[in-house]
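Engineer:
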Amino acid sequence: MATSTDSFYLGFDFSTQQLKVVAVDGNLSVVHQDSVQFDSELPEFGTQGGVHIHADSLTVTSPVLMWVKVVHHEYFTTYYLYIDTLCLYLCQQGGFAVSDSPVWMDSSTTEQCQYLETAVGGAQRVADITGSRAYERFTGNQIAKIYKAQPEKYEDTERISLVSSFAASLFLGSYAAIDYSDGSGMNLMDIFSKQWADSCLEATAPHLEERLGALVHSSAVLGLLSPYHVTRYGFPEDCKVVAFTGDNPGSLAGMRLQEGDIAVSLGTSDTVFLWIKEPRPTVEGHIFCNPVDRPSYMALICYKNGSLTRERIRNKCAGGSWEVFSSVLRTTPIGNDGNIGIYFDAMEITPSAVGVHRFDKDNTKVAGFSAQGEIRALVEGQFLAKRVHAEKLGYKISEWINISNNMQSHSSSLHTQVLSDVFDAPVYTIDVANSACLGCGYRALFSNAGPGELQYWVCRFLFQPSTNTPALNHQLILVLGLNHNSGFSWCYCRARTKDCACSISPGPELKNPVIGTLVEIHIQSDSYCYSISFPAYFVPVVY
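Quick note: the sequence shown uses UniProt numbering, first residue 1, plus one each step.
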């Protein structure tokens with residue numbers, strides 16, 4: 001096979017509404033991206049938003065053949081595939097036992113969730129084994145529903161897969177194994193032994209293990225691409241297929257997190273990703289096997305009340321202006337004079353609760369705050385909840401925190417400052433679009449490298465502003481490099497300012513960088529050009 005620098009690696013994201021693709025080269029640079037919309041470009045499947053919502057409003061499915069057809073869409077020739085949704089398909093010899101697969105939006109299995117938790121010993125016991133309490137969208141409970149409602153379909157089934165392993169099967173030409181990381185989101189796998197959990201299997205359906213097959217680690221090479229794809233698309237005969245995984249594990253790889261990192265994504269719903277070593281499962285949040293470091297774990301916490309709640313308070317207390325909202329955050333005191341608020345406009349996921357609750361410095365519930373106090377109480381309260389829940393799952397505050405901020409508003413930098421205050425640690429804003437696709441491409445590259453062939457290095461530093469370099473203005477510069485044994489080549493260099501170009505020295509001849517290596521950054525834009533030197537802090541991460 002060609003060396004990594006001569007190859008391209010594709011990451012595909014089967015999101016709910018579309019298939020997205022990103023291609024990266026051996027230096028992790030994006031060289032191509034594209035997408036196919038299910039509704040408009042595959043209209044024969046009759047989906048709305050990529051799904052079929054059934055009459056009960058609880059059952060939500062997607063056509064399995066739609067995923068098959070989109071792989072062979074005229075826009076794409078496929079190499080490595082990454083799947084988003086935690087869905088189920090039942091594959092019968094000669095066809096699909098279930099033609100429409102339940103997707104993550106499905107919430108029709110409450111009965112099965114309650115049965116699983118009762119059978120295993122309670123919600124906490126299920127979480128202790130599988131990393132999560134029983135959830136309606138998780139595959140085990142979807143299997144239990146099909147076994148009860150359509151037993152003849154279950155009996156006819158030869159193989160049960162996640163969409164991720166189903167997609168891998170399309171490329172292998174044979175059944176593909178479920179990986180540890182995506183398998184962690186099924187309520188069926190023991191996340192510590194990395195084996196199927198007998199108590200959960202027995203509570204779900206009979207003879208289930210033989211239908212699921214063996215598990216594999218997330219960086220496993222499953223085999224060679226099937227001759228069909230080699231003949232039809234001209235791939236090399238030695239092209240390898242790497243284990244496919246889920247969207248959240250893919251995003252962790254795409255955001256290039258490391259041990260001790262936490263990534264916070266602010267959007268319609270807020271999400272917290274954690275890289276942890278010693279997980280403590282609870283009934284709130286999820287623990288998954290880490291997709292890039294076998295001994296480690298990742299935790300995921302979802303919050304339903306995100307940007308819509310922030311926008312409501314902005315409209316109520318800042319006249320609909322993010323500038324005013326930001327000014328209030330800038331001028332009100334850290335800690336809000338002891339006032340704090342809980343703002344659950346909709347039924348929250350973490351925890352399961354609803355309503356708005358405000359407390360003053362004496363822990364007395366009050367009817368309201370001033371407009372200024374309301375704004376800071378909201379933002380501090382939301383971030384404090386993220387820290388509390390992260391620590392419950394085993395996260396330990398360390399020197400570095402990454403934040404991926406998807407909120408498009410003038411207040412983003414102020415939110416970052418409040419997050420830094422609440423976690424009492426530096427926060428670095430990273431701008432990563434399509435992180436699941438990128439993570440797939442990165443995993444493909446690293447999984448195909450030989451032992452010791454590739455190392456992933458991170459150089460982080462804070463630049464102290466001076467009169468000669470006003471444009472940086474306390475912002476982070478993040479530099480990433482790739483070590484191919486023969487030398488150290490930089491693959492990412494960015495100043496957290498407006499449009500600018502960066503270059504770095506020493507160049508590719510740098511070998512085995514260590515803490516204190518003197519590095520020089522050259523920064524240029526239309527309005528300024530200068531260089532800085534600093535002792536770099538390097539952190540090696542081997543994939």
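Positions of the beta carbon are idealized from the N, C-alpha and C atoms, including for glycine.
Because the structure is a prediction, the values reported are computed rather than measured.
According to DSSP, what are the bridge partners of residue 298?
Structural biologist: Numbered from its first residue, the sequence shown carries residue 298 at position 298. Looking at the DSSP assignment, residue 298 forms a beta bridge with 275, 288.
Engineer: Assuming residue 48 is part of the beta strand (DSSP E), what are its boundary residues?
Structural biologist: The residue you call residue 48 lines up with position 48 of the sequence shown. Premise fails: residue 48 is in no beta strand (DSSP E) and is neither H nor E.
Engineer: Compute the Euclidean distance between the alpha carbons of residue 314 and residue 374, then round it to the nearest angstrom.
Structural biologist: Here residue 314 is taken as the residue at index 314 of the sequence shown, counted from 1. Here residue 374 is taken as the residue at index 374 of the sequence shown, counted from 1. Going by the C-alpha atoms only, they are around 10 Å apart.
Engineer: For residue 299, count neighbouring C-beta atoms within 10 Å of its own C-beta (all shown protein chains included) and say buried if the count is 16 or more, exposed if not.
Structural biologist: As a position in the sequence shown, residue 299 is number 299, starting the count at 1. Classification of residue 299: buried, given that the 10 Å Cβ count is 16 or more.
Engineer: According to DSSP, simplified to helix, strand and coil, what is residue 103?
Structural biologist: Locating residue 103 in the sequence shown gives position 103, counting from the first residue. In this structure, residue 103 counts as coil in the three-state DSSP scheme.
Engineer: Let me check understanding here. Comparing Cα to Cα, which of 278, 109, 169 lies closest to residue 142?
Structural biologist: Counted from its first residue, the sequence shown places residue 142 at position 142. Of the listed residues, the one whose Cα sits closest to residue 142 is 109.
Engineer: Would you mind stating whether residue 371 and residue 358 have Cβ atoms separated by less than 8 Å?
Structural biologist: Looking up residue 371 in the sequence shown gives position 371. Looking up residue 358 in the sequence shown gives position 358. Going by C-beta atoms, residue 371 is not nearer than 8 Å to residue 358.
Engineer: Assess contact between the region 207–222 and the region 171–182, defined as three or more Cβ pairs (one per stretch) separated by less than 8 Å. Is contact present?
Structural biologist: Verdict: yes, contact present.
Engineer: Does DSSP classify residue 347 as helix, strand or coil?
Structural biologist: The residue given as residue 347 occupies position 347 in the sequence shown. Here residue 347 sits in coil by DSSP.
Engineer: In the DSSP assignment, find the alpha helix (DSSP H) that holds residue 447 and state where it starts and stops.
Structural biologist: As a working mapping, residue 447 is identified with position 447 in the sequence shown. Here the alpha helix (DSSP H) through residue 447 covers 435–448.
Engineer: In chain order, which beta strand (DSSP E) runs of at least 3 residues are fully inside the UniProt domain "Carbohydrate kinase FGGY N-terminal" (103–250)?
Structural biologist: Counting only runs of 3 or more, we get 159–162, 221–224, 240–242.
Engineer: Helix, strand or coil: how does DSSP classify residue 23 here?
Structural biologist: Walking along the sequence shown from the start, residue 23 turns up at place 23. Strand at residue 23.
Engineer: With distances taken Cα to Cα, identify the nearest neighbour of residue 339 among 361, 351, 348.
Structural biologist: The count along the sequence shown starts at 1 and reaches residue 339 at position 339. Nearest C-alpha to residue 339: 361.
Engineer: Answer with buried or exposed for residue 149, where buried requires no fewer than 16 other C-beta atoms within 10 angstroms of its C-beta.
Structural biologist: Start at 1 with the first residue of the sequence shown, and residue 149 comes out as number 149. It counts as exposed.
Engineer: Check each candidate in 369, 100, 31, 249 and name the one with the smallest Cα separation from residue 63.
Structural biologist: The residue labelled residue 63 in the question sits at position 63 within the sequence shown. Of the candidates 369, 100, 31, 249, the one whose C-alpha sits nearest the C-alpha of residue 63 is 100.
Engineer: According to DSSP, simplified to helix, strand and coil, what is residue 18?
Structural biologist: For the purposes of this step, residue 18 is identified with residue 18 of the sequence shown, where counting begins at 1. In the structure shown, residue 18 sits in a strand (DSSP, three-state: E or B).
Engineer: Please state the DSSP three-state secondary structure of residue 10.
Structural biologist: As a position in the sequence shown, residue 10 is number 10, starting the count at 1. The answer is strand: DSSP assigns residue 10 an E or B state.
Engineer: Return the bridge partner residues of residue 63 from the DSSP annotation.
Structural biologist: Stepping through the sequence shown from its first residue, residue 63 is reached at position 63. Residue 63 pairs with 100.
Engineer: Measuring only from the beta carbon, is residue 424 closer than 7 Å to any heavy atom that is part of the ligand GTP?
Structural biologist: Among the components of this structure there are no ligands whatsoever, and the ligand GTP is therefore not found.
Engineer: Thinking just about the alpha-carbon of each residue, which of 30, 291, 305, 239 is nearest to the one in residue 257?
Structural biologist: Residue mapping note: residue 257 aligns to position 257 of the sequence shown, counting from 1. Ranking 30, 291, 305, 239 by Cα distance to residue 257 puts 291 first.
Engineer: If you draw a straight line from the alpha carbon of residue 192 to that of residue 309, how long is it in whole angstroms?
Structural biologist: Walking along the sequence shown from the start, residue 192 turns up at place 192. Walking along the sequence shown from the start, residue 309 turns up at place 309. Taking the straight line joining both Cα atoms gives about 37 Å.
Engineer: So is residue 1 buried or exposed if we call it buried at 16+ other beta carbons inside 10 Å?
Structural biologist: Here residue 1 is taken as the residue at index 1 of the sequence shown, counted from 1. Bear in mind that the predicted position of residue 1 carries a pLDDT of just 35, short of 50, making it too unreliable to give a figure here.
Engineer: Please look up how many angstroms separate the CB atoms of residue 437 and residue 122, rounded, as I've assumed it's under 8 Å.
Structural biologist: Within the sequence shown, the letter at position 437 stands for residue 437. Within the sequence shown, the letter at position 122 stands for residue 122. Contact flag wrong, Cβ pair sits at about 38 Å.
Engineer: By how many angstroms is the C-alpha of residue 237 removed from the C-alpha of residue 13?
Structural biologist: Along the sequence shown, one-based indexing puts residue 13 at 13. Along the sequence shown, one-based indexing puts residue 237 at 237. Taking the straight line from one Cα to the other gives about 25 Å.
Engineer: Do residue 266 and residue 415 have their C-beta atoms closer together than 8 Å?
Structural biologist: Counted from its first residue, the sequence shown places residue 266 at position 266. Counted from its first residue, the sequence shown places residue 415 at position 415. Closer than 8 Å, so yes.
Engineer: Flag this pair as yes or no: are the beta carbons of residue 130 and residue 239 separated by less than 8 Å?
Structural biologist: Locating residue 130 in the sequence shown gives position 130, where the first residue counts as 1. Locating residue 239 in the sequence shown gives position 239, where the first residue counts as 1. For residue 130 and residue 239, no; Cβs fall outside 8 Å.
Engineer: On the DSSP letters alone, give me the boundaries of the beta strand (DSSP E) that residue 356 sits inside.
Structural biologist: In the sequence shown, the residue the question calls residue 356 occupies position 356. Unbroken beta strand (DSSP E) run through residue 356: 355–359.
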